[in-house]
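Going left to right, the sequence shown walks through residues -13 to 371 as our numbering numbers them.
Backbone N, C-alpha and C fix where the C-beta goes; we use that ideal spot for every residue, glycine too.
Scroll down for the structure; my scribbles are underneath it.
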Amino acid sequence: MYCEQCGTKNESGLAFCINCGAKLIQATSVPIEPEPVKSAEETKQLCPVCQVAYAPGSQFCENCGHALGQPSGQVAKATQAAEPISRQTLKQQAPAQHKRLWWLVGGIAVIGVAVGAGLYLNQPASQSVKQPTSTSSKKTTSAFKQSVNAAEAALAQDDYDTALEAYNQAWTTGTQTQQQSIKAKRSGLQVLKDSQALADQSDYQGVIDKIEDSGLLTKKGNVAYQPLQKLYKTAKAQVTSEKPLWGMSQSSELSSFMDSWGSTMHQSYQEYTDVDSVDMYGTQLPAALLSGDLKTEVDGQIVQINWSDDGTSESGYQIVAAYSDANTADYGAKHFYLFAIDNGQPKVLITMQNQGNNNHSIEFKETENQTLKNRFAEIVNDSTD
-13 MYCEQCGTKN ESGLAFCINC GAKLIQATSV PIEPEPVKSA EETKQLCPVC
37 QVAYAPGSQF CENCGHALGQ PSGQVAKATQ AAEPISRQTL KQQAPAQHKR
87 LWWLVGGIAV IGVAVGAGLY LNQPASQSVK QPTSTSSKKT TSAFKQSVNA
137 AEAALAQDDY DTALEAYNQA WTTGTQTQQQ SIKAKRSGLQ VLKDSQALAD
187 QSDYQGVIDK IEDSGLLTKK GNVAYQPLQK LYKTAKAQVT SEKPLWGMSQ
237 SSELSSFMDS WGSTMHQSYQ EYTDVDSVDM YGTQLPAALL SGDLKTEVDG
287 QIVQINWSDD GTSESGYQIV AAYSDANTAD YGAKHFYLFA IDNGQPKVLI
337 TMQNQGNNNH SIEFKETENQ TLKNRFAEIV NDSTD
């Protein structure tokens, strides 16, 4: 029988054409006239993808490269079902599919690398860093404790110099928190060492000033409290026992000089003491200054003054004499003098203040009269010869 599709003659009993694979219609009583043989151009079939004709027996489409090896029946079905696709559309689809695939593969690769790197860096690195830190911290703590223990052992033996050295060593090895725990002890022992050095040089007034400035005389809990108290009392006794800078003979010399000098200045001066004051524009001087009712200001600075019979009794300005012409001078021309010794140096202070101020103080300055200044210095210095 002949295939109605391609006209090829097939043996009887076959269900499909041996040439094109089309289903054969069994012969009836009426013979079917065979169709004329088609030329090679006419027998070409269409590619199911791009709809371009191809020669029978071709394995791939010459236009789009589609594989043409499927059975004829399947090709026919694909040809009928497939919607024609242009070459441009095919080219656009293929790269897009490849791009999506590469993006997916690339993204998975990046995530994998990131996760792997994180696991590698975090676990081994943290272990390698923590171990040295822990070891270093233990070594630091051990060295600090050893030095502190050495310092405490030295304190138990009243060996303050060795204790200070041990605390200094602990300071260099300790953390900030550890340093704070020994700061007060270390500072107290340093003041003690410095004060002892001054005492070794017979600078007892320096010892007194050093200890007083430290504020440790009231710090009973400090390790240096007791030795500082002892050293302070010793220094005070030495200062008090020194040859006095002022006495009855010096007081008499100054009185004689003030009489003669006052006459030269056409002024009349009278001597006053800590128990005998003069009315200076309504203020009793020097009583108001010694009692603290009014502050004593020298060259703009508030200072401490004390009345002294020998010039060495207390720190600050030691007042050994006071003179004024307030009872005889006119208003606005009154003078009040304080003769003081400051750290062994004689000073003559003068005020002519006739009203109060915001500081509630009497303002003094050193006299500019060289004759008065020099004579007082001579009287004080003669007492030490």
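Pairwise C-alpha distance: residue j and residue i
| i | j | result |
| --- | --- | --- |
| Tyr153 | Val134 | 6 Å |
| Ala1 | Thr(-6) | 13 Å |
| Cys(-11) | Val38 | 24 Å |
| Ser235 | Ala140 | 52 Å |
| Ile4 | Cys47 | 22 Å |
| Ala315 | Val334 | 20 Å |
| Asp260 | Pro272 | 7 Å |
| Phe362 | Pro332 | 7 Å |
| Ala307 | Ser249 | 19 Å |
| Ala156 | Asp145 | 17 Å |
| Ala137 | Ser167 | 13 Å |
| Gln45 | Gly102 | 47 Å |
| Tyr258 | Asp368 | 23 Å |
Opening and closing residue of the beta strand (DSSP E) in which residue i lies
| i | result |
| --- | --- |
| Leu324 | Phe322 to Asp328 |
| Ala308 | Tyr303 to Ser310 |
| Tyr258 | Gln256 to Tyr258 |
| Asn292 | Ile291 to Trp293 |
| Asp265 | Val264 to Met266 |
| Phe350 | Ser347 to Glu352 |
| Val209 | Neither: Val209 is in no beta strand (DSSP E) and is coded neither H nor E. |
Beta-carbon gap between residue i and residue j smaller than 9 Å
| i | j | result |
| --- | --- | --- |
| Asp311 | Tyr255 | yes |
| Ile348 | Leu275 | yes |
| Asn340 | Tyr317 | yes |
| Val177 | Lys196 | yes |
| Lys351 | Val284 | yes |
| Leu175 | Ala210 | yes |
| Gly278 | Asn292 | no |
Short CB-CB distance (under 9 Å) between residue i and chain C
| i | result |
| --- | --- |
| Gly7 | Chain labels in this structure do not include chain C; a single protein chain is all it has. |
Closest Cα partner of residue i within the set the options
| i | options | result |
| --- | --- | --- |
| Phe130 | Pro332, Thr161 and Asp147 | Thr161 |
| Thr269 | Ser242, Gly342 and Gly302 | Gly342 |
| Thr126 | Ile97, Thr148, Ala137 and Thr158 | Thr158 |
| Lys171 | Gln212, Gly286 and Trp293 | Gln212 |
| Leu150 | Lys216, Ser242 and Lys179 | Lys179 |
| Ala221 | Met244, Gln191, Trp293 and Thr357 | Gln191 |
| Leu324 | His346, Asn344, Lys359 and Asn313 | Lys359 |
| Ile305 | Ser188, Leu231 and Val96 | Leu231 |
| Glu239 | Ala137, Gln182 and Glu364 | Glu364 |
Range covered by the alpha helix (DSSP H) that runs through residue i
| i | result |
| --- | --- |
| Met234 | Met234 to Thr250 |
| Ile336 | Careful: Ile336 lies outside any alpha helix (DSSP H), inside the beta strand (DSSP E) at Gln331 to Thr337. |
| Leu178 | Gln162 to Asp186 |
| Leu276 | Ala273 to Ser277 |
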